[in-house]
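Residue numbers (our numbering): 19 to 184.
Even glycine gets a Cβ: it sits at the ideal position worked out from N, Cα and C.
The model shown is predicted, which means the values in this text are computed figures rather than measured ones.
First up is the structure itself, then whatever we jot down about it.
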Amino acid sequence: MRLAKLFSVLFTFVQAQELVWDKLVESQKQVAREVYKLGKPYNLGATLVSIAWQESRLGNYPINLQDPSCGVMHINITTYLSLHKLKDTPYNRNWYCSNLINDTNLNVATAIEVLLWFKAYHKGSYNKMVKSYNAGFNTHLEQADKYYKQVYHNVKIIENIKGELE
């Protein structure tokens, strides 16, 4: 009986992670369309939408103070500063985090830059690219595996609703 309860809780958790188009509010659908469009030229449209769902629920939670990460794609602020050779100061962290929250194009462009960098680093490995987006170089961690599985699961859902996004 305890096993059945545990399975039920785990099933509910997994279901809670799944993107269901008909349950999204219009602002989330708009973010999904915008993110998909920006990622499509890089063959990353569905992946980016899935990551945006995983990270911010398509913009509903645009900041994570634990990382800290900012915007629809939850760009890690120290990663952003490093990519752009900006000094890591409290002012810069706040200023650029604000920019990443308020400018979806900047946020998604940065996510594309990070994903493509990791894709090249991992010699074209899609799963390591996605794992690295969440866990950096620690692709062997269980957290990275779980992240990849959740993102990939939603990528398959998104590929089936492409018509809604184009």
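In this structure, how does DSSP classify residue i when only helix, strand and coil are distinguished?
i: Ser87; result: strand
i: Asn156; result: coil
i: Ile93; result: strand
i: Ile81; result: strand
i: Glu36; result: coil
i: Glu184; result: coil
Taking 6 Å as the limit between beta carbons, can you name the residues of its chain near residue i, skipping five residues before and five after?
i: Tyr54; result: Gly63, Val67, Leu183
Does the ligand FAD have even one heavy atom less than 7 Å from the beta-carbon of residue i?
i: Ser150; result: Questions concerning the ligand FAD fall outside what the structure shown contains, since it holds no ligand whatsoever.
Please classify residue i as buried or exposed, where buried requires at least 16 other C-beta atoms within 10 Å of its C-beta.
i: Pro141; result: First, the residue type needs correcting, since residue 141 is Lys and not Pro in the sequence shown. By the neighbour-count rule (16 or more Cβ atoms within 10 Å), Lys141 is not buried but exposed.
i: Ser100; result: exposed
i: Glu73; result: buried
Going by alpha carbons, who is nearest to residue i out of the options?
i: Ala127; options: Pro108, Ala70, Leu42, Gln46; result: Ala70
i: Ile130; options: Tyr151, Ser116, Asn145; result: Tyr151
i: Asn120; options: Val90, Gln168, Ala50, Tyr98; result: Val90
Keeping to the same chain, check which residues put their C-beta closer than 7 Å to that of residue i; ignore five residues upstream and five downstream.
i: Gln168; result: Gln35, Gln72
Please determine if the segment 35–43 and the segment 172–181 are in contact, where contact requires at least 3 C-beta pairs separated by less than 8 Å. yes
When the Cβ atoms of the segment 163–172 are set against those of the segment 131–141, are three or more pairs found closer than 8 Å? no
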